[in-house]
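Note sheet for the following structure.
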Amino acid sequence: MTFINEKKERVEIVVRTMLDYHGNCTYRIEDIYITPFRKRKPISIAAQVRDLYEYRKLNHEERAEYAHQEYMKYCTEDQLWEAIQEVYHQMAPQKESIVFRA
């Protein structure tokens, strides 16, 4: 999902779907890309977070919470939820995607 924030920066939320061995689907906020106003090259927030020593010294659960707090600086919880719903609707079956085989 892509939107323009109040600073006129383009914000792109990347959501990935993951299936476990039991067939449960989970949605993961993979990254948030910020393209500053009048620039072309996006900045990866996840890459910036991974480079921080204070992030690397945390355990797995604390890392997820730290990344969540960093993502909240650039978008709201509602915008994250909207990005997840957009991916969910893209995965939904449509009549054009049905194939019959004999």
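Following our numbering, the numbering of the sequence shown begins with 359 at its first residue and continues without gaps. Beta carbons are placed, not taken as given, at the ideal position from N, Cα and C, and that holds for glycine.
Query: Span separating the alpha-carbon of F458 from that of P451; Result: 14 Å
Query: Pairwise C-alpha distance: Y424 and V369; Result: 19 Å
Query: Rounded C-alpha distance that separates Y411 from Q437; Result: 28 Å
Query: Exposure of I390, with buried meaning 16 or more beta-carbon neighbours within 10 Å; Result: buried
Query: Run of the beta strand (DSSP E) containing Y391, from where it starts to where it stops; Result: 383-393
Query: Nonlocal neighbours in the same chain, by C-beta distance under 7 Å from F395, ignoring five residues either side; Result: K365, K366, E367
Query: Three-way DSSP call (helix, strand, coil) for I371 in this model; Result: strand
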